[in-house]
Amino acid sequence: MTDCITRWTRDTAQDLYILPLMDLLFRAHTVHRENFDPNKVQTSKLLSIKTGGCAEDCAYCSQSARNGSQLPASKLIEVERTLAQARKARDAGATRFCMGAAWREPKARDMDALVAMVQGVRDLGMETCMTLGMLDDTQVVQLRDAGLDYYNHNIDTSERYYPEVIGTRTFADRIDTLERVRAAGMKVCSGGILGMGEHTGDRIDMLVSLANLSEPPESVPINMLMPQADTPLADAEPIDPIEFVRVIAVARIMMPQSYVRLSAGRSDMSDEMQAMCFFAGANSIFVGDTLLTADNPEEDTDARLFAKLGMQPETLPVQDRVEAAE
Ligand code: SAM
Ligand code: DTB
Ligand code: SF4
Numbered sequence: 155m156t157d158c159i160t161r162w163t164r165d166t167a168q169d170l171y172i173l174p175l176m177d178l179l180f181r182a183h184t185v186h187r188e189n190f191d192p193n194k195v196q197t198s199k200l201l202s203i204k205t206g207g208c209a210e211d212c213a214y215c216s217q218s219a220r221n222g223s224q225l226p227a228s229k230l231i232e233v234e235r236t237l238a239q240a241r242k243a244r245d246a247g248a249t250r251f252c253m254g255a256a257w258r259e260p261k262a263r264d265m266d267a268l269v270a271m272v273q274g275v276r277d278l279g280m281e282t283c284m285t286l287g288m289l290d291d292t293q294v295v296q297l298r299d300a301g302l303d304y305y306n307h308n309i310d311t312s313e314r315y316y317p318e319v320i321g322t323r324t325f326a327d328r329i330d331t332l333e334r335v336r337a338a339g340m341k342v343c344s345g346g347i348l349g350m351g352e353h354t355g356d357r358i359d360m361l362v363s364l365a366n367l368s369e370p371p372e373s374v375p376i377n378m379l380m381p382q383a384d385t386p387l388a389d390a391e392p393i394d395p396i397e398f399v400r401v402i403a404v405a406r407i408m409m410p411q412s413y414v415r416l417s418a419g420r421s422d423m424s425d426e427m428q429a430m431c432f433f434a435g436a437n438s439i440f441v442g443d444t445l446l447t448a449d450n451p452e453e454d455t456d457a458r459l460f461a462k463l464g465m466q467p468e469t470l471p472v473q474d475r476v477e478a479a480e
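Structure (structure tokens):
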């Protein structure tokens with residue numbers, strides 16, 4: 155991906171966004187086919203390893219202690235429990251295991267357990283991903299040395315709209331952690347949420363910020379807001395599905411080699427909307443009936459969708475590692 159030196163501007167990205175839909179879809183799907191097998195979808199499983207009681211004030215999140223939802227705060231779960239869940243996910247076909255914690259940042263005392271989780275999941279032959287909030291220079295090295303493949307840290311929206319959604323950290327804080335993760339040599343997973351009351355320009359600017367990082371993220375999750383009771387965004391106006399598809403298509407064109415993940419919100423999407431997103435270039439999903447705290451389609455619902463669309467979950471060369479380990 156180092157040959158990717160394109161600098162995107164709001165204007166060039168907007169020119170794509172406003173294309174007639176059929177022209178946009180044709181271009182996005184062409185780019186998709188040039189870079190990926192269009193019938194394969196990467197599958198990741200999420201696990202909340204520390205739930206609730208978060209010090210941040212993200213307006214969309216059920217886990218913020220500052221939001222009314224007041225999900226009870228748990229401690230970091232045991233390494234063995236995490237590995238049991240990872241084994242289950244692997245046996246169900248997921249290739250990547252993403253561990254998420256409701257933290258502003260991890261504490262030094264948590265690092266040994268986090269390192270053991272990464273090592274244990276790798277030993278199962280899965281790709282590893284964590285999302286733990288901000289990281290300092292020591293922590294990125296500890297996680298990298300443990301073998302962490304991906305770090306997820308979303309920019310969530312445009313720099314302009316960011317303070318409307320989150321007050322306890324800045325957009326620049328987010329970019330700092332992303333660049334630290336990249337400099338340490340880990341793969342970057344970063345995307346955002348649509349349907350938080352942002353304008354079209356904010357969606358475009360978010361994609362421009364992602365595509366213009368020192369290297370584009372290898373993984374770009376696009377979440378559709380799942381409104382959470384008692385949060386400031388509980389009654390947000392849902393995004394129009396066609397607008398959502400446009401964002402996926404523009405993301406595909408701007409970041410041709412990245413996996414674009416159709417992330418949170420699939421349980422509120424029709425089969426037709428998901429099919430359009432896959433055509434527009436989405437090629438990754440979260441599998442299993444729970445995300446971190448919210449619902450996701452059941453395994454058999456996704457199996458039926460894949461069968462209808464003639465699509466298959468992607469398998470990894472890392473699969474060799476699993477067989478070797480058994
Ligand atoms: N605390 C860490 C952080 O914020 O980076 C990791 C976990 S956080 C829940 C990960 C991401 O999930 C957020 O950045 C946001 O994009 C997404 N997310 C959280 N709540 C959501 C919701 N209700 N609907 C859609 N996406 C959501
Ligand atoms: C991402 O972009 N979406 C995931 C993952 N990265 C960590 C999280 C979605 C969370 C949805 C709300 C919930 O489960 O609480
Ligand atoms: Fe905390 Fe992450 Fe939720 Fe924000 S999104 S409140 S940082 S768990």
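When we follow our numbering, the leftmost residue of the sequence shown carries the number 155, and every step to the right adds one. Yeah, the Cβ is synthetic: ideal placement off N, Cα and C, and Gly gets one too.
Bounds of the alpha helix (DSSP H) holding residue 317 are 316–319. Separation of the CB atoms of residue 198 and residue 248 is rounded to 6 Å, and the pair is thereby assigned contact status at 8 Å.
Residue 417 counts as buried, since at least 16 other C-beta atoms from the protein chains shown sit within 10 angstroms of its C-beta. Pairing residue 317 with residue 220, the inter-Cα distance amounts to about 16 Å. When the Cα atoms are used, residue 290 and residue 461 turn out to be separated by approximately 44 Å. With fewer than 16 other CB atoms across the displayed protein chains lying within 10 angstroms of its CB, residue 353 is exposed. Straight-line measurement puts the Cα of residue 268 at about 13 Å from the Cα of residue 229.
When only Cα atoms are considered, residue 446 and residue 385 end up about 16 Å apart. Residue 318 has its CB no nearer than 8 Å to any heavy atom of ligand 3. Going by DSSP, residue 255 is part of the beta strand (DSSP E) stretching over 250–255.
A direct Cα-to-Cα measurement between residue 369 and residue 251 gives close to 23 Å.
Judged by DSSP in its simplified three-state form, residue 431 adopts helix. When DSSP states are grouped into helix, strand and coil, residue 323 belongs to the coil group.
For a cut-off of 8 Å, the C-beta gap from residue 359 to residue 312 is around 4 Å, short enough to register as a contact. As a beta-bridge residue in DSSP terms, residue 346 pairs with 310 and 376.
Distance from the CA of residue 315 to the CA of residue 212, rounded to the nearest whole angstrom, comes to 12 Å. In this structure residue 415 is not in contact with residue 185, their Cβ atoms being roughly 17 Å apart against a cut-off of 8 Å. Residue list for ligand 3: 208, 210, 212, 215, 217, 218 and 256 (CB closer than 5 Å to any heavy atom, chain order). A distance below 8 Å between beta-carbons, with the five flanking residues on each side excluded, links residue 194 to the following residues of its chain, in chain order: 437, 465, 466, 467 and 468. A direct Cα-to-Cα measurement between residue 463 and residue 429 gives close to 7 Å. DSSP places residue 416 inside the beta strand (DSSP E), whose first and last residues are 413–416. As summarised for the region 165–202, there are no continuous beta strand (DSSP E) elements at least 3 residues long confined to that stretch.
Sorting 456, 355 and 431 by C-alpha distance to the C-alpha of residue 443 places 456 at the top.
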